[in-house]
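Reading through the structure tokens given below for one structure.
See the structure below:
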């Protein structure tokens with residue numbers, strides 16, 4: 122009987138420890154990896170590239186992946202095929218060759234394109250979307266849609282999403298939205314965070330670190346002439362903050378549960394504000410957002426249908442802007 126009582130108290134103590142651990146873990150860290158039950162979308166089984174055959178079609182898929190991972194080697198300033206981009210790789214924004222959970226992956230691209238996009242005001246194909254990245258995020262020029270390189274990238278994206286039903290989203294795709302701050306994002310606070318958690322990889326001046334070969338980046342530039350331009354998606358604060366929150370500082374196993382590396386929502390907003398305050402290539406497209414009422418709340422360039430300033434549209438606070446848009 123005494124032995125049973127001892128076991129009972131051990132079980133009670135273990136239950137208490139587990140409950141307290143759950144309660145005491147900061148909610149910001151618990152929300153890093155939403156489960157399929159709490160996020161809209163279907164499960165995505167990543168295809169195994171090692172199971173591809175040696176056919177020309179499968180060779181094209183493999184080449185597509187290589188282009189995503191090593192874009193600069195083929196198409197950067199010192200590219201072996203052409204010199205049409207800034208030296209960054211597609212993988213710098215689409216982590217693990219576009220397969221990483223919450224890493225801006227490609228899982229739902231094939232299932233959702235062609236689709237209407239408010240930025241261009243028309244139906245866009247995957248080819249158009251890829252070239253948007255080349256022109257904006259890679260601050261370069263478009264790929265010929267008929268080129269082997271574009272066909273390879275298309276084949277790889279199609280292969281990744283081949284089992285995702287049409288018009289369906291997958292769990293962990295895209296860049297999740299962060300809760301809005303009640304204040305403006307603060308670049309000065311972001312500067313301090315950058316020095317503490319980002320500078321060791323991206324360097325003091327944000328120029329990144331080149332590989333030993335000098336034809337690509339080991340750590341990509343976050344600002345400066347070789348970074349994304351002002352028309353890139355990441356120049357919107359919500360997109361950069363959401364990406365930072367769930368993926369940075371980068372670790373091989375995507376484990377952000379440690380206090381010494383994890384960023385909170387608030388820190389991610391401030392860090393994004395600091396990065397997007399730094400100099401970078403200036404590029405605007407006159408035909409973007411033909412219906413200005415469809416501009417996102419954090420699009421940093423006017424004109425707008427509301428009376429909020431460009432500064433507030435860039436740094437916030439955003440709640441009033443979103444609420445005004447809902448009323449309209």
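Numbering (the working numbering), first residue to last: 122 to 449. We put the CB at the ideal spot given by N, CA and C, even for glycine. None of these values were measured; they are calculated from a predicted model.
Minimum C-alpha distance to residue 397 - residue among 306, 427, 333 and 264:
For the purposes of this step, residue 397 is identified with residue 276 of the chain shown, where counting begins at 1. Closest option to residue 397, Cα to Cα, is 306.
Proximal residues to residue 290 (C-beta, below 6 Å), its chain only, five neighbours per side dropped
Here residue 290 corresponds to residue number 169 of the chain shown, with the count starting at 1. 162 and 229.
Close-in-space but distant-in-sequence residues of the same chain around residue 170 (CB under 8 Å, 5 per side omitted)
In the chain shown, counting from the first residue as 1, residue 170 sits at position 49. Once the five neighbours on either side are set aside, the close Cβ partners of residue 170 are 182, 183 and 186.
Starting from residue 234, trace the beta strand (DSSP E) in both directions and tell me its first and last residue.
Locating residue 234 in the chain shown gives position 113, where the first residue counts as 1. No beta strand (DSSP E) contains residue 234, which DSSP labels as neither H nor E.
Could you say if the region 299-314 and the region 238-255 meet the contact criterion of at least three C-beta pairs nearer than 8 Å?
no
Candidates 258, 328 and 416: closest to residue 352 by CA position:
Taking the first residue of the chain shown as position 1, residue 352 is located at position 231. Nearest of 258, 328 and 416 to residue 352, Cα basis: 258.
Could you spell out where the beta strand (DSSP E) holding residue 340 opens and where it closes?
In the chain shown, counting from the first residue as 1, residue 340 sits at position 219. Per DSSP, residue 340 belongs to the beta strand (DSSP E) from 338-340.
With a CB to CB cut of under 7 Å and the five nearest residues on each side skipped, what residues in its chain are close to residue 248?
Along the chain shown, read from residue 1 onward, the residue named residue 248 stands at position 127. Same-chain partners within the cutoff: 266, 271 and 275.
Rounding to the nearest angstrom, what Cα-Cα distance links residue 260 and residue 177 in this structure?
Locating residue 260 in the chain shown gives position 139, where the first residue counts as 1. Locating residue 177 in the chain shown gives position 56, where the first residue counts as 1. Their backbone Cα atoms lie some 31 Å apart in a straight line.
Candidates 280, 310, 328 and 217, of which the one nearest residue 231 by Cα:
Numbered from 1 along the chain shown, position 110 holds the residue referred to as residue 231. Ranking 280, 310, 328 and 217 by Cα distance to residue 231 puts 280 first.
Kindly list the residues whose CB is nearer than 6 Å to the CB of residue 403, restricted to its own chain and excluding five residues on each side of it in sequence; keep chain order.
For this step, residue 403 is matched to residue 282 along the chain shown. If we look at residue 403 and ignore the five residues flanking it on each side, its Cβ neighbours are 351.
Opening and closing residue of the alpha helix (DSSP H) in which residue 164 lies
As a working note, residue 164 is residue 43 in the chain shown. No alpha helix (DSSP H) holds residue 164; DSSP gives it neither H nor E.
Bridge partner(s) assigned by DSSP for residue 247
Within the chain shown, the letter at position 126 stands for residue 247. None, per the DSSP bridge assignment.
For residue 191, which of 167, 174 and 216 has the nearest alpha-carbon?
Locating residue 191 in the chain shown gives position 70, counting from the first residue. Of the candidates 167, 174 and 216, the one whose C-alpha sits nearest the C-alpha of residue 191 is 216.
Hey, how far is the Cα of residue 379 from the Cα of residue 428?
Translated into positions along the chain shown, residue 379 becomes position 258. Translated into positions along the chain shown, residue 428 becomes position 307. Unreliable placement is indicated for residue 379, whose pLDDT of 47 sits below 50; no coordinate value is reported for it.
Starting from the N-terminal side, write out each stretch of the alpha helix (DSSP H) that is 4 residues or longer and does not extend beyond the region 361-444.
386-396 and 431-436
Enumerate in chain order the residues of its own chain whose CB-to-CB distance from residue 147 is below 6 Å, with the five nearest sequence positions on each side excluded.
Start at 1 with the first residue of the chain shown, and residue 147 comes out as number 26. Interpretation of residue 147 is limited by its pLDDT of 36, a score under 50 that renders its predicted location unreliable; the figure taken from the coordinates is listed afterwards. None.
Helix, strand or coil for residue 447? Go by DSSP, reduced to three states.
Here the question's residue 447 lines up with position 326 in the chain shown. Looking at residue 447 - three-state DSSP - the assignment turns out to be helix.
Between the alpha carbons of residue 400 and residue 344, how many angstroms are there, rounded?
Within the chain shown, numbered from 1, the residue matching residue 400 stands at position 279. Within the chain shown, numbered from 1, the residue matching residue 344 stands at position 223. Looking at the two C-alpha atoms, the distance is approximately 6 Å.
Going by DSSP, which residues form a beta bridge with residue 331?
Here residue 331 is taken as the residue at index 210 of the chain shown, counted from 1. DSSP, once it has assigned bridges, lists 338 as partnering residue 331.
So what does DSSP say about residue 291, is it helix, strand or coil?
Counting from one through the chain shown, the residue named residue 291 turns up at place 170. Here residue 291 sits in strand by DSSP.
Any idea if residue 433 is buried or exposed, counting beta-carbon neighbours within 10 angstroms, 16 or more meaning buried?
As a working mapping, residue 433 is identified with position 312 in the chain shown. Residue 433 should be labelled buried.
Own chain partners of residue 222 with C-beta closer than 6 Å, once the 5 adjacent residues on each side are dropped:
Mapped onto the chain shown, residue 222 falls at position 101. These residues qualify, in order along the chain: 293.
Alpha-carbon spacing of residue 299 relative to residue 175, whole angstroms
By 1-based counting over the chain shown, the position of residue 299 is 178. By 1-based counting over the chain shown, the position of residue 175 is 54. Rounded to whole angstroms, residue 299 to residue 175 spans 43 Å at the Cα level.
Express the C-alpha separation of residue 198 and residue 481 in angstroms, rounding to a whole number.
The first residue shown for the chain is 122 and the last is 449, placing residue 481 beyond what the model contains.
Endpoints, alpha helix (DSSP H) assigned at residue 315
Translated into positions along the chain shown, residue 315 becomes position 194. Note, residue 315: alpha helix (DSSP H), 308-318.
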